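If you read the protein sequences in the order shown, they are chains A and B. Per the working numbering, residue 28 is the first one in the first sequence, and the count goes up by one each step. Per the working numbering, residue 28 is the first one in the second sequence, and the count goes up by one each step. The structure under discussion appears below in the form of structure tokens.
2 protein chains.
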Amino acid sequence: MNAIINDIEIIKAKTTKINEVDFDNLKFGQVFSDHMLECNYKNGAWEVPKVVPYHAITLDPSAKIFHYGQSVFEGMKAYKDANNEVWLFRPLENFKRLNISSKRLAIPELPEAYFMDGLKALLEVDKDWIPNKEGSSLYIRPFVFATGKGFHASPADEYKFIISTAPSGAYFAGKVKVLIEQTYSRSANGGVGYAKAGGNYAGQFYPTQLAVEKGYQQVIWTDDTNHEYIEEAGAMNIFIRINDTLITGPTSDRILDGITRKSIIDLAKSENIPVEVRKISVKEVVEAAKNGSLKEMFGAGTAAVISPIDGFGYQGTDYDLPKLDKTYAEYLKKRITDIQTNKSEDPFGWRYKV
Amino acid sequence: MNAIINDIEIIKAKTTKINEVDFDNLKFGQVFSDHMLECNYKNGAWEVPKVVPYHAITLDPSAKIFHYGQSVFEGMKAYKDANNEVWLFRPLENFKRLNISSKRLAIPELPEAYFMDGLKALLEVDKDWIPNKEGSSLYIRPFVFATGKGFHASPADEYKFIISTAPSGAYFAGKVKVLIEQTYSRSANGGVGYAKAGGNYAGQFYPTQLAVEKGYQQVIWTDDTNHEYIEEAGAMNIFIRINDTLITGPTSDRILDGITRKSIIDLAKSENIPVEVRKISVKEVVEAAKNGSLKEMFGAGTAAVISPIDGFGYQGTDYDLPKLDKTYAEYLKKRITDIQTNKSEDPFGWRYKV
Ligand SMILES: Cc1ncc(COP(=O)(O)O)c(C=O)c1O
Ligand SMILES: Cc1ncc(COP(=O)(O)O)c(C=O)c1O
């Protein structure tokens with residue numbers, strides 16, 4: 028039975044895969060809901076998106092996505108509260124950032140209504156796919172990529188925008204030990220590091236594999252000039268607590284302006300936690316670890332929300348973080364997820380009802 | 028009629044598109060030959076490649092190529108000489124570089140035989156597609172991309188290697204004025220700039236568009252630290268002639284180790300042209316332009332072979348290059364294309380008979 032929601036045409040899947048899914052044991056981003064939003068850019072304009080059954084994409088071998096990495100994406104989550112109401116968290120920030128990323132990659136920007144109304148229509152159709160179990164959520168992946176053809180290194184003339192969703196459990200499991208990178212880099216000054224561009228992630232895989240072989244789970248990226256300053260983790264911004272002060276680096280053209288990061292800064296400020304947004308040198312962190320003033324390190328991002336770090340390696344030495352009874356990480360994670368899942372007041376107006 | 032060439036299975040196209048192609052007016056990389064080589068990586072190994080009819084690729088929306096830019100490619104050419112014999116130029120260098128790129132992107136490396144025998148089988152099947160007109164050639168595009176599924180930023184477990192070919196004319200046409208970039212960058216120290224990774228190209232599109240709007244055709248990339256040194260062009264290495272000396276920057280982890288570049292260095296040396304491989308500062312080039320010692324600038328790469336530069340822009344000022352009667356660019360281009368197309372001796376053993 029087809030329908031129209033927010034002017035978006037819906038073509039329903041004939042069957043559902045939902046009964047095959049074990050909602051009590053969800054992994055991250057591995058099963059996909061019945062529908063997706065699909066929208067094509069052709070002849071200089073984005074066509075009106077449609078909700079369609081989740082289906083394979085067919086492309087010419089010369090489609091530019093295969094050759095020139097012209098793609099951007101976003102990561103968001105939908106939550107279901109105790110009354111089965113569906114919530115998003117600051118979705119307009121994701122929409123804006125997608126367009127910021129697209130601009131840097133010479134991809135045509137999307138109209139806001141196509142993104143927002145398309146997303147809402149998709150969530151309405153696949154509402155049953157949104158988990159309501161604590162710690163689970165519907166991970167939402169909007170992405171845009173070049174479908175236009177030709178072996179010429181220049182922007183494509185056709186693109187596809189898709190939103191696909193995946194009911195998901197926690198992103199990381201277990202202890203997280205990180206390696207402060209001293210050889211490889213994630214992004215250049217004047218480069219695309221601030222964009223959620225596909226190529227930024229592939230470039231991290233090999234250095235991360237090397238770190239994993241040495242017993243770490245994640246790389247902490249540093250500036251590419253001297254590897255002197257802490258920048259960010261693979262898909263998370265980094266917070267460091269020295270004594271009672273929470274510190275995070277300023278965003279730049281090398282660092283993604285994370286929505287979790289800026290929400291944590293606002294939350295911490297409102298809770299009278301001293302927050303500093305400033306460059307943090309590796310040296311400062313190592314010294315704080317040595318003299319005991321380093322209390323916490325954690326990553327912040329949509330997928331993992333807040334991911335506490337147990338220790339870090341730097342130039343062949345491993346430093347353990349103390350085990351505190353009460354951590355900022357735990358406190359702030361609860362505060363932010365309570366807002367996200369409609370368990371508490373939302374003084375910031377971040378929650379968005381679908 | 029199917030067959031086996033060099034142990035590679037051939038599945039022939041039922042019809043040919045060759046009669047639709049105007050071989051006298053070929054553009055670059057826009058029409059594709061009847062067949063392609065296809066090879067899948069699954070369960071931890073590359074399967075034996077096959078020559079198959081050129082056909083569309085079908086992928087799950089969660090295939091990692093759409094999200095994480097995990098792709099690498101190569102660019103080669105096949106030439107037909109007066110006796111209809113087919114030649115490649117240093118193909119093993121492309122094979123080796125493809126694997127160097129793959130390693131950096133955490134893509135499994137290919138066995139040499141799959142690449143070389145696969146390529147030869149493909150060229151035999153599509154021999155009629157190789158142009159023999161002066162200046163035309165069969166452009167060859169080997170590429171590897173992640174087909175494995177899932178919204179987790181980690182290397183894929185499945186990949187596809189394809190070689191597709193396109194009869195092609197000249198890459199650039201007309202005058203080339205370049206802009207020496209002072210804001211954006213192509214690659215980071217410790218990054219993926221030395222790899223032919225898809226993402227390196229998408230990142231160049233927007234700055235190149237800005238340069239085009241200002242009246243330039245190409246960007247000359249500089250180091251991302253201070254924009255002080257000349258690095259390379261979009262898909263070419265850069266040579267600069269000051270008085271009678273030919274200078275090109277050293278390769279590094281930010282710069283692609285171009286096969287044309289190193290061939291030109293060897294050729295120039297053998298012709299007793301003074302060659303220096305050393306850092307070239309923008310300041311040095313600007314001063315040479317001002318005092319008249321700057322004689323030539325040209326790009327070097329497989330697609331364009333040698334592409335003379337007519338002038339450059341730097342900090343709001345345009346500098347024209349002199350019009351010489353005899354240029355290194357023209358001389359070296361003739362030398363290298365004569366070797367490539369079997370019109371002259373090949374003292375270096377670069378030519379490779381298919
Ligand atoms: C490189 C990078 N940094 C930081 C983040 C965190 O951003 P956000 O909090 O908006 O998810 C992400 C993930 O989205 C990321 O990919
Ligand atoms: C970034 C870049 N630099 C230089 C080159 C030239 O390399 P080659 O001479 O091997 O084609 C290319 C093209 O292949 C390239 O993409």
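For glycine and all other residues, C-beta sits at the position ideal for the given N, C-alpha and C. The structure displayed is predicted, hence computed values, not measured ones.
- The alpha carbon of Trp156 of chain B has as its nearest neighbour, out of B:Gln245, B:Val48 and B:Asp373, the alpha carbon of B:Val48.
- No residue range can be given for Met263 of chain A, since it is assigned to no alpha helix (DSSP H) and is classified by DSSP as neither H nor E.
- Under the three-state reduction of DSSP output, Lys223 of chain A falls in the coil class, being neither helix nor strand.
- Shortest Cα-Cα distance from Glu36 of chain A to any of A:Leu165, A:Glu185, A:Ala148 and A:Ser98 involves A:Ala148.
- For Phe59 of chain B, the chain A residues whose C-beta falls within less than 9 Å of its own C-beta are Asp87, Pro88, Ser89, Lys176 and Phe178, listed in chain order.
- For the region 85 to 145 of chain A, the full-length alpha helix (DSSP H) segments reaching 4 residues or more read 92 to 95 and 118 to 131 along the chain.
- By the Cβ rule, the region 107 to 117 of chain B does not count as touching the region 73 to 92 of chain B, because fewer than three pairs are nearer than 8 Å.
- Rounded to the nearest whole angstrom, the CA to CA distance from Gly145 of chain B to Tyr95 of chain B is 27 Å.
- Cβ-Cβ distances below 6 Å link Leu64 of chain B to Pro76, Val78, Gly145, Leu149 and Ile190 in the same chain, with the five nearest sequence neighbours on each side left out; the list follows chain order.
- Under the DSSP assignment, Leu294 of chain B falls in the alpha helix (DSSP H) whose first and last residues are Ile286 to Ser297.
- DSSP places Gln367 of chain A inside the alpha helix (DSSP H), whose first and last residues are Tyr355 to Gln367.
- For Val309 of chain B, the secondary structure class from DSSP, reduced to helix, strand or coil, is helix.
- Spanning the alpha carbons of Glu101 of chain B and Gly196 of chain A requires a straight line of approximately 39 Å.
- Following the DSSP letters along the chain, one finds Glu74 of chain A in no beta strand (DSSP E), marked with neither H nor E.
- In the three-state scheme derived from DSSP, where H, G and I count as helix and E and B as strand, Ile274 of chain A is classed as strand.
- Excluding sequence positions up to five before and after Ala327 of chain B, its CB lies within less than 7 Å of the CB of Met263, Asn264, Phe266, Gly285, Thr287, Arg288, Ile291 and Ile333, all in the same chain and listed in chain order.
- Ranking B:Ile300, B:Asp34, B:Asp280 and B:Ile269 by CA distance to the CA of Lys310 of chain B puts B:Ile269 first.
- Residue-level contact by beta carbon fails for Arg117 of chain A and chain B, as no gap is shorter than 8 Å.
- For Gly328 of chain B, the uninterrupted beta strand (DSSP E) run begins and ends at Leu321 to Gly328, by DSSP.
- For the region 213 to 230 of chain A, residues whose beta-carbon sits nearer than 9 Å to a beta-carbon of chain B comprise Arg213, Ser214, Ala215, Asn216, Gly217, Gly218, Val219, Gly220, Ala222, Ala224, Gly225, Gly226, Asn227, Tyr228, Ala229 and Gly230.
- When the beta-carbon positions are compared, Ile274 of chain B and Val205 of chain B stay at least 8 Å from each other.
- Note that the C-beta distance between Glu185 of chain B and Tyr68 of chain B is below 8 Å.
- Counting every other CB atom within 10 Å of its CB across the protein chains shown gives Arg305 of chain A a total below 16, marking it as exposed.
- The residue from B:Pro158, B:Thr85 and B:Ile366 with its alpha-carbon nearest to that of Ile45 of chain B is B:Pro158.
- Straight-line measurement puts the Cα of Phe178 of chain B at about 12 Å from the Cα of Tyr228 of chain A.
- At a cut-off of 8 Å between beta-carbon atoms, Ser371 of chain A makes no contact with chain B.
- Asp153 of chain B is not a Cβ neighbour of Thr210 of chain B, given a cutoff of 8 Å.
- Between ligand 2 and Thr329 of chain B, a heavy atom-to-CB distance of less than 7 Å is present.
- With the rule of 3 Cβ pairs closer than 8 Å, the region 313 to 321 of chain B does not count as touching the region 245 to 260 of chain B.
- Interface annotation for the region 284 to 301 of chain B against chain A: empty, criterion Cβ-Cβ distance under 9 Å.
- Ile282 of chain B sits in coil when the DSSP states are folded into three classes, being neither helix nor strand.
- Residues of the region 246 to 264 of chain A with a Cβ closer than 7 Å to any Cβ of chain B, in chain order: Asp251, Thr252, Gly261 and Ala262.
- Here the alpha carbons of Lys380 of chain A and Ile207 of chain B stand approximately 49 Å from one another.
- Annotation: Cβ neighbours of Ile189 of chain A in chain B (cutoff 7 Å, chain order): Pro88.
- With 16 or more neighbouring CB atoms inside 10 Å of its own CB, Gln231 of chain A falls in the buried class.
- Put simply, the CB of Lys360 of chain B is far from chain A, with every gap to its CB atoms at 8 Å or more.
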